[in-house]
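**Q** Numbering (our numbering), first residue to last: 4 to 240. Each residue gets a CB set at the ideal place from its N, CA and C atoms; glycine is no exception.
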């Protein structure tokens with residue numbers, strides 16, 4: 004998709020091209036092998052204990068080249084993944100992330116941009132001082148967008164609104180800090196990063212901030228023990 008910062012023409016064939024490039028059997032075969040092989044590295048609890056889920060509030064900061072065109076109205080991100088443990092307090096999270104972003108046009112021609120990203124991430128977490136985590140992640144995926152705009156000033160006068168759907172390939176970079184609220188289970192984190200949208204007229208950088216919560220090491224046995232203890236306290240009363 005031609006990003007509205009550069010132009011307002013969105014060919015639908017780009018959506019099909021990006022889908023065919025992104026959703027292919029070879030890629031998902033590699034991902035499946037990584038998940039299945041992970042059982043060999045699970046030395047602390049069952050293999051499924053390394054899965055995690057996360058959610059965050061997201062905000063983009065318009066670069067100088069786009070400051071006169073768009074303003075971020077906020078959004079969110081959700082993700083699910085698996086973490087591989089390494090020595091020296093290191094771990095390698097692999098996860099998929101999606102969500103929603105809303106950009107408001109700040110000029111009469113561009114009115115509204117709604118975007119849904121789909122990004123596959125891989126990164127490194129380093130735990131220090133027992134409770135703090137440093138994270139760096141890189142990802143690749145696609146940004147699917149719907150743009151409401153006028154093609155020209157004449158169309159604006161005639162109220163000939165155009166709604167365009169399309170997609171762009173992107174690279175994503177994240178770096179940030181986290182803090183364990185509950186050791187080994189719940190982590191609050193804040194990351195600053197860059198979504199680099201690959202446009203035909205050149206890359207479009209969108210820096211952004213994410214603040215969210217990750218639930219780590221999902222252990223069904225621990226959850227059962229916790230519920231049992233609650234029932235026991237209730238019976239004592």
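What is the C-beta distance between residue 303 and residue 106, in whole angstroms, given that I count them as a contact (C-beta under 8 Å)?
**A** It is not possible to answer for residue 303, since the shown part of the chain is limited to 4 through 240.
**Q** Can you tell which of 178, 95, 85 has its C-alpha closest to the C-alpha of residue 249?
**A** In this structure the chain extends from 4 to 240, so residue 249 is not present and cannot be described.
**Q** Please report the Cβ distance between residue 116 and residue 148, rounded to the nearest whole angstrom; I am assuming they are in contact, meaning their Cβ atoms lie under 8 Å.
**A** Here residue 116 is taken as the residue at index 113 of the chain shown, counted from 1. Here residue 148 is taken as the residue at index 145 of the chain shown, counted from 1. Rounded, the Cβ-Cβ distance is 6 Å, consistent with contact.
**Q** For the putative contact between residue 81 and residue 125, defined by C-beta atoms under 8 Å, what is the C-beta separation to the nearest angstrom?
**A** For the purposes of this step, residue 81 is taken as residue 78 along the chain shown, with counting starting at 1. For the purposes of this step, residue 125 is taken as residue 122 along the chain shown, with counting starting at 1. Incorrect: roughly 18 Å between the Cβ atoms, too far for contact.
**Q** State yes or no: is the C-beta of residue 159 within less than 9 Å of the C-beta of residue 111?
**A** As a first step, residue 159 must be located in the chain shown, where it is residue number 156. As a first step, residue 111 must be located in the chain shown, where it is residue number 108. In this structure, residue 111 lies closer than 9 Å to residue 159 by Cβ.
**Q** So the alpha helix (DSSP H) residue 156 belongs to, where does it begin and stop?
**A** Residue 156 sits at position 153 when you count from the first residue of the chain shown. Secondary structure note for residue 156: its alpha helix (DSSP H) is the uninterrupted segment 156 to 161.
**Q** How would you label residue 53, buried or exposed, when you count the other beta carbons within 10 angstroms and need 16 or more for buried?
**A** In the chain shown, counting from the first residue as 1, residue 53 sits at position 50. Within a 10 Å sphere around the beta-carbon of residue 53 sit 16 or more other beta-carbons, which makes this residue buried.
**Q** Given a threshold of 16 other Cβ atoms within 10 Å of its Cβ, counted over all protein chains shown, does residue 55 qualify as buried or as exposed?
**A** Taking the first residue of the chain shown as 1, we reach residue 55 at position 52. Classification for residue 55: buried.
**Q** If you check the beta carbons only, do residue 183 and residue 175 fall under 9 Å apart?
**A** Taking the chain shown and counting its residues from 1, the one referred to as residue 183 is at position 180. Taking the chain shown and counting its residues from 1, the one referred to as residue 175 is at position 172. The answer is no: Cβ separation not under 9 Å.
**Q** In the DSSP assignment, find the beta strand (DSSP E) that holds residue 101 and state where it starts and stops.
**A** Position 98 of the chain shown holds residue 101. Segment 93 to 108, the beta strand (DSSP E) holding residue 101.
**Q** Under 9 Å between the Cβ atoms of residue 130 and residue 72?
**A** Position 127 of the chain shown holds residue 130. Position 69 of the chain shown holds residue 72. Cβ distance not < 9 Å, so residue 130 and residue 72 don't count as in contact.
**Q** Assuming residue 74 is part of the beta strand (DSSP E), what are its boundary residues?
**A** Within the chain shown, residue 74 is the residue found at index 71, counting from 1. Per DSSP, residue 74 belongs to the beta strand (DSSP E) from 73 to 89.
**Q** List the endpoints of the continuous beta strand (DSSP E) containing residue 207.
**A** Taking the chain shown and counting its residues from 1, the one referred to as residue 207 is at position 204. 205 to 218 is the extent of the beta strand (DSSP E) around residue 207.
**Q** Classify residue 173 as buried or exposed, calling it buried when 16 or more other Cβ atoms lie within 10 Å of its own Cβ.
**A** By one-based count along the chain shown, residue 173 stands at place 170. It counts as buried.
**Q** Would you report the Cα separation of residue 122 and residue 51, rounded to the nearest angstrom?
**A** Mapped onto the chain shown, residue 122 falls at position 119. Mapped onto the chain shown, residue 51 falls at position 48. If you take the alpha carbons of residue 122 and residue 51, they lie about 22 Å apart.
**Q** Given a threshold of 16 other Cβ atoms within 10 Å of its Cβ, counted over all protein chains shown, does residue 209 qualify as buried or as exposed?
**A** Position 206 of the chain shown, counted from the first residue, corresponds to residue 209. Result: buried.
**Q** Would you kindly work out how many angstroms separate the C-alpha atoms of residue 102 and residue 127, rounded to a whole number?
**A** As a first step, residue 102 must be located in the chain shown, where it is residue number 99. As a first step, residue 127 must be located in the chain shown, where it is residue number 124. About 22 Å.
**Q** Could you tell me whether the Cβ atoms of residue 168 and residue 191 are closer together than 9 Å?
**A** The residue given as residue 168 occupies position 165 in the chain shown. The residue given as residue 191 occupies position 188 in the chain shown. No; because the gap between Cβ atoms is not below 9 Å, this pair is not in contact.
**Q** Determine the extent of the beta strand (DSSP E) in which residue 183 is found, giving its start and end residues.
**A** In the chain shown, counting from the first residue as 1, residue 183 sits at position 180. Segment 165 to 185, the beta strand (DSSP E) holding residue 183.
**Q** What distance in whole Å lies between the Cβ atoms of residue 64 and residue 205, which are believed to be in contact at a cut-off of 8 Å?
**A** Here the question's residue 205 lines up with position 202 in the chain shown. Here the question's residue 64 lines up with position 61 in the chain shown. Contact doesn't hold; Cβ gap of about 19 Å is too wide.
**Q** From what residue to what residue does the beta strand (DSSP E) around residue 120 run?
**A** Along the chain shown, read from residue 1 onward, the residue named residue 120 stands at position 117. Taken as a continuous stretch (DSSP letters only), the beta strand (DSSP E) holding residue 120 covers 113 to 131.
**Q** Kindly give me the distance between the Cβ atoms of residue 135 and residue 180, rounded to whole angstroms, as I take these residues to be in contact under 8 Å.
**A** Position 132 of the chain shown, counted from the start, is the residue given in the question as residue 135. Position 177 of the chain shown, counted from the start, is the residue given in the question as residue 180. So it is a contact: roughly 7 Å between Cβ atoms.
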